[in-house]
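With my numbering applied, the sequence shown corresponds to residues -3 to 458, in that order.
Take a look at the structure below.
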Amino acid sequence: MMRRIELPWRSPLDAFRPLARRDGSILLHGGALAADGDWSFVVTSPSAVVERRRGETFIDGRKTNASPFAALSGLHSERRLASSGEIAAPLLSGLVGFVGYECARLVEPAASHLESPYRAPDFWFGAYDAVAAFNRREKRAHLYGRTQAAMAHLQETLGEERASGIAAAGALSFLGAELSRDDYCRAVAEIVERIRAGELFQANISQRLFFRAEEPFDPYALFCSESLASSASFGAYLRLADAAILSLSPERFFAATSGPDGRRRIIAEPIKGTRRRGATPEEDAHLRAALAADPKDRAENIMIADLTRNDLSRICEDGSIREEAICELVSHANIHHLVSRISGVLRPDVTPADALASMFPCGSITGAPKIQAMKAIADIEGKGRGPYCGAIGYIDDRGGADFAVAIRIAVVEGRAVAVPVGGGVTLRSDPQAEYDETLAKAAHWLRRGAGERAFKRDSDHR
-3 MMRRIELPWR
7 SPLDAFRPLA
17 RRDGSILLHG
27 GALAADGDWS
37 FVVTSPSAVV
47 ERRRGETFID
57 GRKTNASPFA
67 ALSGLHSERR
77 LASSGEIAAP
87 LLSGLVGFVG
97 YECARLVEPA
107 ASHLESPYRA
117 PDFWFGAYDA
127 VAAFNRREKR
137 AHLYGRTQAA
147 MAHLQETLGE
157 ERASGIAAAG
167 ALSFLGAELS
177 RDDYCRAVAE
187 IVERIRAGEL
197 FQANISQRLF
207 FRAEEPFDPY
217 ALFCSESLAS
227 SASFGAYLRL
237 ADAAILSLSP
247 ERFFAATSGP
257 DGRRRIIAEP
267 IKGTRRRGAT
277 PEEDAHLRAA
287 LAADPKDRAE
297 NIMIADLTRN
307 DLSRICEDGS
317 IREEAICELV
327 SHANIHHLVS
337 RISGVLRPDV
347 TPADALASMF
357 PCGSITGAPK
367 IQAMKAIADI
377 EGKGRGPYCG
387 AIGYIDDRGG
397 ADFAVAIRIA
407 VVEGRAVAVP
417 VGGGVTLRSD
427 PQAEYDETLA
437 KAAHWLRRGA
447 GERAFKRDSD
457 HR
């Protein structure tokens, strides 16, 4: 039986602060399919953990031969609760965590041979018996839990610190990028040649920008600062033993919800096509119009929408796939995007973890055909991506799920901060324009690290 108590309202960013240095603490800040508002969720102290490290899967530290997706599905089945139709919050208790990009090899072994460049695990999910849910639109907060003990622990932890406001993040120094402008343009040109040769239609390539934090440094304060500046739809902060993962993603991978008829609806929202925001209303309107009319961006978006439709067809009931929107223009604080929305009805035998495994990774950050694109990415990038281009989100114990694509992220290991950036390449791609798109996506990080000028001067530090 699910328990609930109301909490005094406070900002989710402020509420999470006492937990921000506790391993296994996670804040999901926005973007749930709920009719009555935008939600944030706070969890800590998982009762069980499924993770994958160095090619091995562990459940609470014990090695298992099962894949992490199968282990996650099994744990969800053990925890499954009946629907609570009277409770609006989409997450009451459940599995929260992330899947790193290298887990794609578990779905398609030929897709990648690379290892993650980070100390963080390749796959990490905690089972959380209590959740603090914040309805930001209604300014109401509730604590939900499977057990009184789990609720009491979370409530006590949330109350450990009552100081308001966001602490200073500390200064960042920009060290350089993995690739110079020339190197990145050569990588784009190679993808274009592979497309011209008929090997694939589109691929997404990326690189990392490197920063060093000066003491004192608070990665959570950095997340708060960036979150307030970007208004990301799917922000997330994950504190693990090895690293902190900061995500300001604008892109939903997929969400699954149960309707009144008991059927489970799934919707995917791939993004393709990006422009920076303008400095003036006139420039902003010009950039919006240019994006909406750009044939390269529209073709890329439609291609990924088709790929997403095919991915959904493997797990949905026949005839249920629908195009809710194609190439819809959506604006965020720093950038404009083109978004498509594809929906379907999940087959009764498909669990949320099954859907995650079948859809992974999101086609918008690989390309099409997906497997060929992933092979090209591995050849050209030559390094793993880690959490970047994976998925971050939750599976609720009642069967709902919501995952974001892990883009606009930073991985913090000690004082080292890595910020991956990338973009999609098609036959029409201009290498210089693709490089400039990565600048637009990383502009706020570069300004923070005083690195924008250095990066534009083709910094080639390694």
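A virtual CB, placed ideally from N, CA and C, is assigned to each residue, including glycine.
Beta-carbon within less than 6 Å of residue i's beta-carbon, same chain only, minus the 5 sequence neighbours each way: which residues are those?
i, result
"Leu218", "Ala165"
"Leu87", "Phe37, Val127, Tyr390, Asp392"
"Arg204", "Glu174, Ala414, Pro416"
"Glu313", "Val341, Arg343"
"Gly27", "Confidence is the limiting factor: at Gly27 the pLDDT is only 49, short of 50, which leaves the residue's position unreliable, though a coordinate-based value still follows. Answer for Gly27: Ser229, Phe230, listed in chain order."
"Cys99", "Asp118, Phe119"
"Ala66", "none"
"Leu9", "Cys220"
"Met(-3)", "none"
If I'm right that residue i touches residue j with Cβ under 8 Å, what's the distance once you round it to whole angstroms?
i, j, result
"Gly231", "Ser243", "6 Å"
"Arg(-1)", "Met147", "6 Å"
"Asp125", "Ser89", "5 Å"
"Gly420", "Gln144", "Incorrect: roughly 49 Å between the Cβ atoms, too far for contact."
"Trp35", "Ala129", "6 Å"
Taking the alpha-carbon of residue i as reference, which of the options has the nearest alpha-carbon?
i, options, result
"Gln151", "Gln428, Ile1, Leu308, Arg271", "Ile1"
"Val407", "Ala321, Gly70, Leu9, Tyr114", "Tyr114"
"Lys437", "Gly315, Ile311, Glu222, Gly363", "Glu222"
"Glu210", "Arg305, Asp293, Leu171, Leu287", "Leu171"
"Asn330", "Arg272, Ala301, Ile55, Pro117", "Arg272"
"Ala251", "Arg182, Leu352, Arg305", "Leu352"
"Val95", "Glu74, Glu82, Ser63", "Ser63"
"Ile13", "Pro215, Arg50, Glu186, Glu82", "The sequence shown places Arg at residue 13, rather than the Ile named in the question. Here the closest residue by C-alpha is Pro215."
Quick check: residue i and residue j, are their CB atoms within less than 8 Å of each other?
i, j, result
"Pro357", "Tyr384", "no"
"Gly359", "Asp307", "yes"
"Tyr97", "Gly378", "no"
"Ser229", "Pro246", "yes"
"Ile262", "Glu320", "no"
"Arg469", "Ser327", "No statement about residue 469 is possible, as the shown extent of the chain runs from -3 to 458 and does not include it."
"Ser176", "Arg208", "no"
"Ser336", "Cys323", "yes"
"Lys268", "Asp293", "yes"
"Asp19", "Leu236", "yes"
"Val45", "Gly122", "yes"
"Pro117", "Arg48", "yes"
"Ala459", "Leu196", "No statement about residue 459 is possible, as the shown extent of the chain runs from -3 to 458 and does not include it."
"Ala372", "Arg190", "yes"
Which partner residues of residue i appear in the DSSP bridge assignment?
i, result
"Asp19", "In DSSP, Asp19 forms no bridge with anything."
"Ala387", "Val95, Val401"
"Ile267", "Val335"
"Thr253", "Arg261"
"Glu2", "His138"
"Ser243", "Ala232, Ile405"
"Gln203", "Val417"
"Asn61", "Answer by DSSP bridge pairing: none, since Asn61 is not bridged."
"Leu435", "None; Leu435 has no bridge partner."
"Val341", "Arg261"
Closer than 7 Å by C-beta to residue i: which residues in its own chain qualify, once you throw out the five before and the five after it? Chain order, please.
i, result
"His72", "Leu91, Thr347, Pro348, Ala349, Ile391"
"His333", "Pro246, Ile267, Gly269, Thr270, Val326"
"Cys181", "Pro427, Gln428, Tyr431"
"Asp280", "Arg273, Gly274"
"Ala239", "Tyr114, Arg115, Ala116, Val407, Val408, Glu409"
"Leu287", "Gly269, Arg271, Asp293, Leu325, His332, Leu334"
"Ala402", "Phe94, Ser243, Ser245, Pro383, Tyr384, Cys385, Gly386, Ala387, Ile388"
"Glu465", "Nothing in the structure corresponds to residue 465, since the chain is present only between -3 and 458."
Going by beta carbon distance, what residues of the same chain come within less than 8 Å of residue i, once the five residues before and after it are set aside?
i, result
"Ala374", "Ala107, Ser108, His109, Leu110"
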